[in-house]
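Enquirer: Residues in the sequence shown are numbered from 1 upward in steps of one, following our numbering.
We put the beta carbon where it would ideally sit given N, CA and C, even for glycine.
Please read these numbers as outputs of a predicted model, since none were measured by experiment.
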Amino acid sequence: MSATATPASGPRSTLPPGSAMPWIVRGDIDGFFGLALDNLIQLLLIASLCKVILGFSDELVFGRILPGAAISVFVGNVFYSWQARKLSRETGRADICALPYGINTLSVFGHVFLVMLPAKLAAQSQNLPNPDVIAWHAGLIACLGSAVIEGVGAFFAEHIRRATPRAALLSTLAGIALTFIALGFFFRAYAFPEVGLSTLGIILLIYFGRVKFKFGIPGGLVAVLIGTAIAWITKVPTPALPETGLQLSLHLPIPVIGELLEAFKHPYMIQYLSVIIPMGIFNVVGSLQNIESAEAAGDAYPTLPSLLANGVGSLAATLFGSCFPTTIYIGHPGWKSMGARAGYSVLNGAVLTLMCLTGSLAIVAHYVPIEAGMAIVLWIGIVITAQAFDAVPRNHAPAVVVGLLPGVAAWGAFMAKAGVTAALFAVAVSGAKDATLGGDDPAMLAHLTKGFSFKDVYIHGAFALEQGFIFTAMILAAATVGVIERKFLVAAIWCAVAAALSACGMIHSYHWAVADSIQSLGTPSWPWAIGYLAMGGMFLIAHWGIITEEGEGH
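1) Grab the span of the beta strand (DSSP E) containing Lys212 for me, first residue to last.
2) Is the number of C-beta pairs between the segment 26-36 and the segment 335-345 that are closer than 8 Å three or more?
3) For Lys487, which option in Phe539, Gln467, Pro527 has the closest C-alpha, if you only look at C-alpha atoms?
4) Going by DSSP, what residue range makes up the alpha helix (DSSP H) through Tyr80?
5) What does Tyr510 pair with, by DSSP beta-bridge criteria?
6) Please name the residue in Leu44, Gln124, Gly63, Val73 whose C-alpha comes closest to that of Ser314.
7) Under 8 Å Cβ to Cβ from Pro524, same chain only, skipping five residues before and after it: list those, please.
8) From the DSSP output, which residues share a beta bridge with Ile328?
9) Tell me, which residues are paired with Thr228 by DSSP?
10) Quick one, are the C-beta atoms of Pro588 and Phe469 less than 8 Å apart?
11) Whole-angstrom Cβ separation of Gly18 and Arg89, contact assumed at under 8 Å?
12) What does the alpha-carbon distance come out to for the pair Phe185 and Val312?
13) Contact between the segment 35-42 and the segment 276-296: three or more CB pairs below 8 Å?
14) Find the nearest neighbour of Leu489 within the set Ala499, Gly537, Val457, Ile518, judged by alpha-carbon distance.
15) Within 10 Å of its beta-carbon, does Gly216 have 16 or more other beta-carbons around it, so buried, or fewer, so exposed?
16) Count the other C-beta atoms from every protein chain shown that fall within 10 angstroms of the C-beta of Thr353, then say buried if there are 16 or more, exposed otherwise.
17) Please go through the same chain and pick out, in chain order, the residues whose beta-carbon is closer than 7 Å to the beta-carbon of Pro193, but skip the five residues on each side of it.
18) Are the Cβ atoms of Thr234 and Ala372 separated by less than 8 Å?
19) Jot down the residue ranges of each uninterrupted alpha helix (DSSP H) in the segment 318-371, minimum 4 residues, whole runs only, in chain order.
20) Less than 8 Å separating the beta-carbons of Tyr561 and Ala309?
21) Helix, strand or coil for Thr234, going by three-state DSSP, please let me know.
22) By a C-beta neighbour count over all protein chains shown, 10 Å radius and 16 as the cutoff for buried, is Asp299 buried or exposed?
23) Could you tell me the alpha carbon to alpha carbon distance between Ile459 and Thr449, rounded to whole angstroms?
24) For a test of the three-state rule: what should DSSP assign to Thr14, helix, strand or coil?
25) Ignoring anything shorter than 3 residues, give me the beta strand (DSSP E) runs that lie fully in the segment 459-494, in order along the chain.
26) With distance defined between alpha-carbon atoms, name the residue in Pro218, Gly343, Ala397, Tyr268 nearest to Ala168.
27) Should Phe187 go down as buried or exposed, given a rule of 16 or more other Cβ atoms within 10 Å for buried?
28) Would you tell me roughly how many angstroms separate the C-alpha atoms of Ile518 and His511, rounded to the nearest one?
29) Looking at the structure shown, is Ser48 part of a helix, part of a strand, or coil, going by DSSP?
30) Given this structure, state the Cα-to-Cα distance separating Ile149 from Tyr272, to the nearest angstrom.
31) With C-beta atoms as the reference, is Leu357 less than 8 Å away from Ala410?
32) Under 8 Å between the Cβ atoms of Pro278 and Leu521?
33) Considering just the uninterrupted stretch of the alpha helix (DSSP H) at Val152, what are its terminal residues?
34) Which residue comes first and which comes last in the alpha helix (DSSP H) that contains Pro239?
35) From which residue to which residue does the alpha helix (DSSP H) around Pro218 run?
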């Protein structure tokens, strides 16, 4: 297998006036494998959580929820592909990359553990009939609420984008990319090094070494094929085939308007507002940051239609039975540098829809293990992190670093809780005295915090940073940019925003649930509010001229 070097860059390709780039180019194949893998993980996660945690039947999961998810993914991917070709026609450029799009991972966990599971447990405690249906209805309402917030937020998001420095928007994404994407798959690569390192080598050659395989074979395809072969040779664990084996069955999407109207007879919307509101706002802000990331990579998409389409995708999910909203994904600069244009998005939507509607999702996951394509997603995390430094003024680099910290802290909190849960599981299976993380037990939280402090790890701060870390990262980075540019009043205003969010419980406020620290929307986090006001006060002192000379105190 030989490869030849290609130039690092070349002139931007142009098109005849009024024409658009092709629907599919060679780079779309590489982009498809990466984006489809990411979406495949989300769909497998949905199926697993719904069956194992919620105890849903196959009929509900594969007959209603996954077909609804497929429709939402298909609708959005087709729109963003069309949008990319429209931008191509308007600009005369052939290098436009569609915005990546799919199911929101944060919402999957949030809706399952904070909406659907509590609804089912409450129904069971009251001996209500069909607790599974009640949990599903609660999830539909949560998804609808997210769709509404995404749609309404589309009309205000551009104002936020104009007022927020690019370093603040991109560093937030970089924190997520560095930890939850890059480090997560980096761990996995070293857990299965025969597959992980070989495919990582291929990806580095193609996208950093700028080489291409002869005969025009897409590099992503090469990585997936070699990774799959090595995974089977080294016997990497793969999901088991369904009980029906290779048997396929057709699951057409069916509107669930009647079920949705039935769900409105219960106060789910009010009962779970503390989950629905922050999830919806996070989706809006996260999508906004991804639009900014695309513009920094050269593709300037209008904010309003991009976010409205996001809301329409979540609405389609609700109307066809899925409980999980969609979002504009992180990773546009990575897919663009791979050579992906509009076709990768269409391919992603079409193939995932086909898998969900035919019941072949588990079969594909069995024969093409996630490890075979994880190097592509790892590379995306690297590119997004690098962009945060490349696409901002050089003197704003410290602000990018500040913006990275909350995402790293959230990852650290996640790892700490995972470690505690794993340790307690090991204690239980070893035959020792049963130890489990209690529900809303403040004593458990106090003991956990004290235990970590013995090792000089102030885990309480990590848990506080974890709640609303997207907002915290953006605000801290924006305030730092204000200080760097000596716009101290602007920096103080950002601190006031952080104080207000703290007072509303939108950031830093949390309580202890089942093996997790979760946000307590509406519960003020006063210590942090006071801290932000004090920080803003320092900036106001500088603004009022009490500190007058640049560089004083250095």
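Expert: On the basis of the coordinates in this document:
1) Counting along the chain, the beta strand (DSSP E) containing Lys212 begins and ends at 211-213.
2) They touch, by the three-pair rule.
3) The candidate whose alpha carbon is nearest that of Lys487 is Phe539.
4) Where Tyr80 is concerned, the enclosing alpha helix (DSSP H) stretches over 66-91.
5) According to DSSP, Tyr510 bridges with Gln519.
6) Looking at Leu44, Gln124, Gly63, Val73, the one whose alpha-carbon comes closest to that of Ser314 is Val73.
7) Closer than 8 Å at Cβ, skipping near neighbours: Ser502, Ala503, Cys504, Gly505, Ser509.
8) Its beta-bridge partners are Tyr101.
9) In DSSP, Thr228 forms no bridge with anything.
10) Absent from the structure is residue 588, since the part of the chain shown begins at 1 and ends at 554.
11) That belief holds up - the Cβ atoms of Gly18 and Arg89 are roughly 7 Å apart, short of 8 Å.
12) Approximately 31 Å between the Cα atoms of the pair.
13) Under the three-pair Cβ rule at 8 Å, the segment 35-42 does not count as touching the segment 276-296.
14) Considering only alpha carbons, the answer is Gly537.
15) With fewer than 16 other Cβ atoms within 10 Å, it is exposed.
16) Answer is buried; the Cβ neighbour count reaches 16.
17) Taken in chain order, the list of residues that qualify is empty.
18) Judged by beta-carbon spacing, Ala372 lies beyond the 8 Å limit of Thr234, meaning their Cβ atoms are not closer than that value.
19) Restricted to the segment 318-371, the alpha helix (DSSP H) segments that are unbroken, complete and at least 4 residues in length are 332-338, 343-358, 361-367, listed in chain order.
20) Shown here, the chain extends from 1 to 554; a query on residue 561 therefore has no answer.
21) Coil.
22) Its Cβ being crowded by 16 or more others within 10 Å, Asp299 is buried.
23) Inter-residue distance for Ile459 and Thr449 is about 6 Å (C-alpha atoms, whole angstroms).
24) Residue state, collapsed to three classes: strand.
25) You should have found no qualifying run.
26) Comparing Cα positions, the closest option is Ala397.
27) Classification for Phe187: exposed.
28) Straight-line Cα distance between these residues: approximately 6 Å.
29) Here Ser48 carries a helix assignment [DSSP, helix/strand/coil].
30) One C-alpha to the other measures close to 14 Å.
31) Not closer than 8 Å, so no.
32) Result yes, Cβ atoms of Pro278 and Leu521 sit closer than 8 Å.
33) Start and end: 131-153.
34) Run containing Pro239: none; DSSP gives neither H nor E here.
35) Where Pro218 is concerned, there is no enclosing alpha helix (DSSP H), given that its DSSP letter is neither H nor E.
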